[in-house]
Amino acid sequence: AQKVTQAQTEISVVEKEDVTLDCVYETRDTTYYLFWYKQPPSGELVFLIRRNSFDEQNEISGRYSWNFQKSTSSFNFTITASQVVDSAVYFCAHLTSGTYKYIFGTGTRLKVLA
Amino acid sequence: DVKVTQSSRYLVKRTGEKVFLECVQDMDHENMFWYRQDPGLGLRLIYFSYDVKMKEKGDIPEGYSVSREKKERFSLILESASTNQTSMYLCASSATSGGLNEQFFGPGTRLTVL
Chain V
1125 AQKVTQAQTE ISVVEKEDVT LDCVYETRDT TYYLFWYKQP PSGELVFLIR RNSFDEQNEI
1185 SGRYSWNFQK STSSFNFTIT ASQVVDSAVY FCAHLTSGTY KYIFGTGTRL KVLA
Chain F
603 DVKVTQSSRY LVKRTGEKVF LECVQDMDHE NMFWYRQDPG LGLRLIYFSY DVKMKEKGDI
663 PEGYSVSREK KERFSLILES ASTNQTSMYL CASSATSGGL NEQFFGPGTR LTVL
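Protein sequence lines correspond, in order, to chains V and F. Taking the working numbering as reference, the numbering of the first sequence is continuous, increasing by one, and the terminal residue is 1238. Taking the working numbering as reference, the numbering of the second sequence is continuous, increasing by one, and the terminal residue is 716.
1) Please look up how many angstroms separate the CB atoms of Val668(F) and Lys657(F), rounded, as I've assumed it's under 8 Å.
2) When the Cα atoms are used, what is the spatial distance from Asp1153(V) to Thr1196(V)?
3) Give the list of continuous beta strand (DSSP E) stretches no shorter than 3 residues that lie fully inside the region 638-704 of chain F.
4) Is it a yes or a no for the region 1157-1171 of chain V touching the region 1206-1221 of chain V, going by three-plus beta-carbon pairs under 8 Å?
5) How would you label Ile1184(V), buried or exposed, when you count the other beta carbons within 10 angstroms and need 16 or more for buried?
6) Answer yes or no: does any C-beta atom of chain F fall closer than 8 Å to that of Lys1162(V)?
7) So with CB distances below 8 Å, who are the chain F contacts of Arg1166(V)?
8) Cα-Cα, which of Gly660(F), Leu613(F), Val715(F) is closest to Glu624(F)?
9) In terms of DSSP beta bridges, what is Val707(F) paired with?
10) Determine the extent of the beta strand (DSSP E) in which Asn1200(V) is found, giving its start and end residues.
11) Between Tyr649(F) and chain V, is any beta-carbon pair separated by less than 8 Å?
12) Going by the CB atoms, is the gap between Glu704(F) and Arg1174(V) shorter than 8 Å?
13) With DSSP as the reference, label Lys615(F) as helix, strand or coil.
14) So Val1209(V) and Val1137(V) are supposed to be a Cβ contact under 8 Å. How far apart are they, rounded?
15) When the Cα of Gln1130(V) is compared with those of Thr1230(V), Ala1205(V), Ile1203(V), which residue comes out closest?
16) Alpha carbon to alpha carbon, what distance is there between Arg712(F) and Thr688(F)?
17) Looking at the strands, I want to know which residues DSSP matches up with His1218(V).
Below is the structure:
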C-alpha cells in the first residue's frame, strides 16, 4: 500500500533562514503523482505543486524549490530566505494515476520567527 | 475565483445528534471528498464521490454516510454523533480531466461533540 512519511513534526526557524521539509513515500505504482499543500492558520489547504513519477526535474518557483528523487523515494521542499508568512502546516501527498485516492502525510508545522 | 465552501466553520453538537456537514463547489468538478484532520494523523479520507449519486468508502467510513444529489454539493452525515468524532472536517473537490489532479479545499468545519 502507498504511504507518505513526513518525519518532521514541527520545525522552527528564524526569518531569512533556509528550511527543507522532508517527504518520503512508499509505492509500488509505476505511474503516480506527488503533491505539496500548504495549510495556513486560516485552515484552507492550498495546492503548491504536483510532480508526476516520470519527471524528476527539480522545480523552482520564487523562494520555493522541490527536489524529487525516485532513487530515495523522496520529494523534499525547500523554502529559501523564509518569511513569517511561510508559517503553516505543509502536507505532502501521493496519488496513484487513474485513481482518486490521495494519501497524505501527517504534515510538518513550520514556524518562522521574526 | 474558484471556491469550495463549507456550511459552518465551527459546530457544537451533543452525543447522539444527527449532524449534517455541507460542502459546495463552483468549479463543476466531478470528484468530491470528505476528510477528517486530527493532530498527528494528517488527513484521513472518509468518503469520496466521483459522480452524482456515486460514492466510495475511504479509510475511515464507520459512523459516517454521504449524499451527493447534485454535482456541486456533497454532504457528510454523522448518523449519531459521538465524542470521538470531534475533529476538523475538510471538504475537497477535483476535476477528472484537465488540470493537475490537484484538490481544492474548503476552509474546514471544526466539529465538537459534547
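Glycine included, each C-beta is placed from N, C-alpha and C at the ideal position.
From the atom records:
1) 5 Å
2) Roughly 15 Å separates the two Cα atoms.
3) 644-653, 656-659, 666-672, 675-680, 689-696
4) As far as the Cβ criterion goes, the region 1157-1171 of chain V touches the region 1206-1221 of chain V, which means the pair count is three or higher.
5) exposed
6) no
7) Rather than Arg, the amino acid found at residue 1166(V) in this sequence is Ser. By Cβ distance, chain F contributes Pro709.
8) Leu613(F)
9) The question names Val, but residue 707(F) is Phe in the sequence shown. Per DSSP, Ala694(F).
10) 1198-1203
11) no
12) The answer is yes: Cβ separation under 8 Å.
13) strand
14) That pair is no contact at about 13 Å.
15) Thr1230(V)
16) 8 Å
17) Leu1158(V), Ile1227(V)
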